[in-house]
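Enquirer:
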Amino acid sequence: MNAGAVVAQPSPNTLRGAETNFYADASEQQFDVTMLGQKVHVVATPVQYTWNYGDGTVFGPQPSMGGPLPQDRWGEETRTSHVYADTGDFQVVLTTSFRGTYSVNNGPPLPIPSQGQFSAPPQTISVWRSITRNYADDCNQNPQGQGCPGVPSRR
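Residues in the sequence shown are numbered consecutively from 1, following this note's numbering.
Take a look at the structure:
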């Protein structure tokens, strides 16, 4: 069974304090097996998703797999996005719950009474910090001013 994959935007790096959009790349799966001489067809449909963002935060189970955002909208809050408070590398794990049906020898589909849960391979996300600096120097008037190209930054 393929639990799907974790997709992050932006990835593989994001910023501390910013929304990082996560979504699942999971889909319905079908299997054909022979058991005791009988042909069995199984259909597994993803129905719930649980996100472990790797920093102690877990979201779910819930029905939304999330979805991609256009690059110009990265940083917006989504149903499955997460904001990291600390920098570092985090292992994000998606657990997908599947509902299933089976049929024997091309008979009618019958429900499988419980759901199966499967975890996708962890996705590493590196959370960085950003620094914003404002400078009053005009680099045309003072090419050696702080923040001008080629001038080392002072901390």
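Built from N, CA and C at the ideal position, the CB exists for glycine as well.
Going by other Cβ atoms of all chains shown within 10 Å of its Cβ, with 16 needed for buried, is residue 27 buried or exposed?
Expert: When all chains shown are included, residue 27 counts as exposed.
Enquirer: Out of 3, 108 and 22, state which residue places its alpha-carbon closest to the alpha-carbon of residue 75.
Expert: That would be 22, whose Cα lies nearest to the Cα of residue 75.
Enquirer: Spatial neighbours of residue 147 within its chain, please: CB distance less than 8 Å, with the 5 preceding and 5 following residues excluded, ordered by chain position.
Expert: 133, 135, 137, 139 and 153, listed in sequence order.
Enquirer: On the CB-based measure, 16 or more other CB atoms within 10 Å of its CB, does residue 81 come out buried or exposed?
Expert: Flag for residue 81 reads buried.
Enquirer: Based on DSSP bridge pairs, tell me the residues matched to residue 128.
Expert: Note: residue 128 sits in a beta bridge opposite 15.
Enquirer: Closer than 8 Å is the cut-off here; do at least three beta carbon pairs connect the segment 11-22 with the segment 109-116?
Expert: As far as the Cβ criterion goes, the segment 11-22 does not touch the segment 109-116, which means the pair count is below three.
Enquirer: Where does residue 86 fall in DSSP's three states?
Expert: In this structure, residue 86 counts as coil in the three-state DSSP scheme.
Enquirer: What is the rounded straight-line gap between the Cα of residue 14 and the Cα of residue 63?
Expert: Whole-angstrom Cα-Cα distance: 25 Å.
Enquirer: Just the Cα atoms here: how many angstroms apart are residue 142 and residue 150?
Expert: Residue 142 and residue 150: Cα-Cα distance of roughly 12 Å.
Enquirer: Would you report the Cα separation of residue 95 and residue 77, rounded to the nearest angstrom?
Expert: Rounded to the nearest angstrom, the two C-alpha atoms are 21 Å apart.
Enquirer: Under the rule that 16 or more other beta-carbon atoms within 10 Å means buried, what is residue 90, buried or exposed?
Expert: With 16 or more other Cβ atoms within 10 Å, it is buried.
Enquirer: Would you tell me roughly how many angstroms separate the C-alpha atoms of residue 34 and residue 56, rounded to the nearest one?
Expert: So the two alpha carbons sit approximately 42 Å from each other.
Enquirer: Taking the Cβ atom as the reference point for each residue, do residue 45 and residue 58 lie within a distance shorter than 8 Å?
Expert: The answer is no: Cβ separation not under 8 Å.
Enquirer: Quick check on residue 127: buried or exposed, where buried means 16 or more other Cβ atoms within 10 Å of its Cβ?
Expert: By the neighbour-count rule (16 or more Cβ atoms within 10 Å), residue 127 is buried.
Enquirer: Tell me which same chain residues have a C-beta within less than 6 Å of the C-beta of residue 92, skipping the five on either side of it?
Expert: Closer than 6 Å at the Cβ level, and outside the excluded window around residue 92, lie 6, 53, 54, 123 and 125.
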